[in-house]
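Visitor: Mind looking over this structure? Questions follow.
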Ligand code: FES
């Protein structure tokens, strides 16, 4: 079992805390978040061009459409990210 936590940068609140199983790891972070009603900005439909889907982890950022959940949880069972505009 894995745990994903999303914080809003603007709201300074936890906007999602969810447990995932192994079968759910085979999709992009953006797809997963959209499925769970977390609005991720995008104007390129996940093509990796617009760079609007940025999420932060400490001082590193990722394009959520270009990173797979299996990569995120490769070294840890719990991960948290921040979406600046939420
Ligand atoms: S949705 Fe455009 S770069 Fe990710």
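Numbering (my numbering), first residue to last: 72 to 157. Note that beta-carbon positions come from the ideal geometry of N, C-alpha and C, so glycine has one too.
(1) With DSSP collapsed to three states, give me the class of residue 140.
(2) Counting beta carbon pairs with one atom in the stretch 87 to 104 and one in the stretch 116 to 124, are three or more of them shorter than 8 Å?
(3) Looking at the ligand FES, does it come within less than 7 Å of residue 79, judged from the CB to the closest heavy atom?
(4) Taking the alpha carbon of residue 97 as the point to measure from, which residue in 152, 78, 82 and 145 has its own alpha carbon closest?
(5) Measuring alpha carbon to alpha carbon, tell me which of 119, 157, 147 and 154 ends up nearest residue 137.
(6) Distance check for residue 90 and residue 154, CA to CA, integer angstroms please.
(7) Thinking C-alpha only, which one of 133, 147 and 110 is nearest residue 79?
(8) Since residue 135 and residue 99 are thought to touch, with beta carbons under 8 Å apart, how far apart are those beta carbons, to the nearest angstrom?
Guide: Straight from the coordinates:
(1) Residue 140 sits at position 69 when you count from the first residue of the chain shown. Residue 140: helix per DSSP, three-state reduction.
(2) With a cut-off of 8 Å, the stretch 87 to 104 and the stretch 116 to 124 count as touching, because enough Cβ pairs lie within range.
(3) Position 8 of the chain shown, counting from 1, holds the residue named residue 79. The answer is no for residue 79.
(4) Counting from 1 along the chain shown, the entry for residue 97 is found at position 26. When only C-alpha atoms are compared, the closest one is 145.
(5) Translated into positions along the chain shown, residue 137 becomes position 66. Comparing alpha-carbon positions, the option among 119, 157, 147 and 154 lying closest to residue 137 turns out to be 119.
(6) Sequence index remark: in the chain shown, residue 154 carries index 83 (1-based). Sequence index remark: in the chain shown, residue 90 carries index 19 (1-based). Between residue 154 and residue 90, the C-alpha separation is close to 19 Å.
(7) Within the chain shown, the letter at position 8 stands for residue 79. Residue 79 has its Cα closest to that of 110, out of 133, 147 and 110.
(8) On the chain shown, position 64 is the one that residue 135 refers to. On the chain shown, position 28 is the one that residue 99 refers to. Correct: roughly 7 Å between the Cβ atoms.
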